[in-house]
Amino acid sequence: MSLFAELKRRNVFRVGVAYAVGAWLLLQLTEVLSELLKLPEQFGPIVVAVVAIGFPVVLFFAWAYEMTPQGIMREKDIDRSQSITHETGRKLDRAIIGLLAVALAYFVYESRFMDRDREMETVDLAPAAISPEADDAGTFPAAEPEAPSAAVDESAIAVLPFANRSLKEEDLFFTDGIHDDLLTQLAKIGDLKVISRTSVMEYRDTTKKIPEIAAELGVGKILEGGVQRAGSRVRINAQLIDVATDQHLWAETF
166 MSLFAELKRR NVFRVGVAYA VGAWLLLQLT EVLSELLKLP EQFGPIVVAV
216 VAIGFPVVLF FAWAYEMTPQ GIMREKDIDR SQSITHETGR KLDRAIIGLL
266 AVALAYFVYE SRFMDRDREM ETVDLAPAAI SPEADDAGTF PAAEPEAPSA
316 AVDESAIAVL PFANRSLKEE DLFFTDGIHD DLLTQLAKIG DLKVISRTSV
366 MEYRDTTKKI PEIAAELGVG KILEGGVQRA GSRVRINAQL IDVATDQHLW
416 AETF
């Protein structure tokens with residue numbers, strides 16, 4: 166068996182991906198806590214160093230050891246016919262999906278509230294309304310009616326079904342899993358209204374434009390993206406779109 170195949174069988178790649186995403190989330194949490202708790206400046210670099218040192222250690226343990234019903238055992242001491250690496254791989258896939266969903270939810274949350282802060286800092290410079298002058302008969306002209314505003318909830322977001330970029334039918338379940346977990350994580354944000362999965366699934370492979378979809382769902386933001394999977398490697402593209410301008414507020418590749 167080739168080295169690549171053995172690394173794949175022992176789930177070393179999956180462990181590496183899970184560790185990398187988890188480490189990134191830990192670093193984001195560290196940054197937030199450092200600001201809130203006024204932690205020493207050395208705290209952040211220490212966490213980065215520990216995470217960097219831990220990466221090769223975790224990969225070594227993934228290579229040399231295996232999780233079994235009896236606990237952690239050395240890989241060389243396990244009968245290949247009794248190995249459960251395939252089952253462990255599926256569990257790691259679910260863990261990776263969950264971590265990626267949390268990371269995407271964090272990006273969406275950060276982008277949304279940073280945008281809100283910028284709006285709050287913007288000074289309203291609209292000129293005061295000028296009262297119309299009376300005509301010769303002493304009457305005032307009727308005010309022009311205001312254009313009706315669209316029934317759009319700016320605090321609402323729709324997460325469209327992610328595109329399966331690998332074009333493999335078996336990867337559609339993995340793609341839908343990331344979409345489901347992302348909806349779950351976003352729904353935990355109290356003041357964010359998330360459109361239900363049932364409502365957005367009808368837009369899978371749709372040819373409708375973003376403003377049209379947003380008008381039908383009544384949302385101010387739309388998140389779309391795609392997932393490409395090749396073996397143990399996963400690439401996720403995600404874009405957060407402001408419906409009012411049809412422009413990207415944020416885009417990232419994982």
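Heads up: the sequence shown at position 192 corresponds to 357 in the numbering used here, and the numbers run straight through without jumps. Cβ atoms here follow ideal geometry from the backbone N, Cα and C, with glycine treated the same way.
From which residue to which residue does the alpha helix (DSSP H) around Gly-187 run? On the sequence shown, residue 187 is found 22 positions in, with the first residue counted as 1. Start and end: 177 to 202.
Compare the C-alpha of Ala-403 against each of Ala-183, Ala-416, Asp-242, Leu-192 and name the closest. What you label residue 403 is simply residue 238 of the sequence shown in a count that begins at 1. Considering only alpha carbons, the answer is Ala-416.
Could you tell me which residues DSSP pairs with Tyr-230 in its beta bridges? Position 65 of the sequence shown, counted from the start, is the residue given in the question as residue 230. Looking at the DSSP assignment, Tyr-230 forms a beta bridge with Arg-239.
Look at the alpha carbon of Pro-292 and the alpha carbon of Thr-340, and state the distance between them as a whole number of angstroms. Counting from one through the sequence shown, the residue named residue 292 turns up at place 127. Counting from one through the sequence shown, the residue named residue 340 turns up at place 175. Here the model assigns Pro-292 a pLDDT of 46, short of 50, so the residue's position is not dependable and the matter cannot be decided.
Have a look at Gln-412 and Val-273 and give me their C-alpha separation to the nearest angstrom. Residue mapping note: residue 412 aligns to position 247 of the sequence shown, counting from 1. Residue mapping note: residue 273 aligns to position 108 of the sequence shown, counting from 1. Near 15 Å, if we compare the C-alpha coordinates of Val-273 and Gln-412.
Cβ-Cβ distance between Ile-406 and Ile-375 below 8 Å: The residue you call residue 406 lines up with position 241 of the sequence shown. The residue you call residue 375 lines up with position 210 of the sequence shown. Yes, the Cβ-Cβ distance between Ile-406 and Ile-375 is below 8 Å.
Boundaries (first-last residue) of the alpha helix (DSSP H) holding Ser-167: To locate residue 167, count along the sequence shown from 1; it is residue 2. Run containing Ser-167: none; DSSP gives neither H nor E here.
With a threshold of 6 Å on Cβ separation, who are the neighbours of Arg-369 within its own chain once the five nearest residues in sequence on each side are excluded? Counting from one through the sequence shown, the residue named residue 369 turns up at place 204. If we look at Arg-369 and ignore the five residues flanking it on each side, its Cβ neighbours are Pro-326.
Give me the Cα-Cα distance between Ile-360 and Lys-173, rounded to the nearest whole angstrom. Counting from 1 along the sequence shown, the entry for residue 360 is found at position 195. Counting from 1 along the sequence shown, the entry for residue 173 is found at position 8. Going from the Cα of Ile-360 to the Cα of Lys-173 covers about 37 Å.
With H, G and I counted as helix, E and B as strand and the rest as coil, what does DSSP make of Ser-248? Translated into the one-based positions of the sequence shown, residue 248 becomes position 83. In this structure, Ser-248 counts as coil in the three-state DSSP scheme.
Under 8 Å: do the stretch 203 to 212 and the stretch 231 to 243 share three or more Cβ pairs, one atom per stretch? no
Option nearest Leu-351 by Cα separation, candidates Val-213, Ile-249, Val-215, Ala-266: Here residue 351 corresponds to residue number 186 of the sequence shown, with the count starting at 1. For the residues Val-213, Ile-249, Val-215, Ala-266, the minimum Cα distance to Leu-351 belongs to Ala-266.
DSSP beta-bridge partners of Glu-389: Counting from 1 along the sequence shown, the entry for residue 389 is found at position 224. Answer by DSSP bridge pairing, in chain order: Gln-404.
Where does Val-222 sit, in a helix, a strand or coil, going by DSSP? Taking the first residue of the sequence shown as position 1, residue 222 is located at position 57. Val-222 falls in the helix class under three-state DSSP.
Per DSSP, what are the beta-bridge partners of Gln-412 in this structure? For this step, residue 412 is matched to residue 247 along the sequence shown. Asp-407.
Spatial neighbours of Gly-390 within its chain, please: C-beta separation below 7 Å, excluding the five flanking residues on both sides. Position 225 of the sequence shown, counted from the start, is the residue given in the question as residue 390. The answer, listed in chain order, is Phe-327, Ile-401, Asn-402, Ala-403, Gln-404.
Looking only at its chain, what residues have a beta carbon closer than 7 Å to the beta carbon of Ser-199, apart from the 5 residues adjacent to it on each side? Residue 199 sits at position 34 when you count from the first residue of the sequence shown. Closer than 7 Å at the Cβ level, and outside the excluded window around Ser-199, lie Phe-208, Gly-209.
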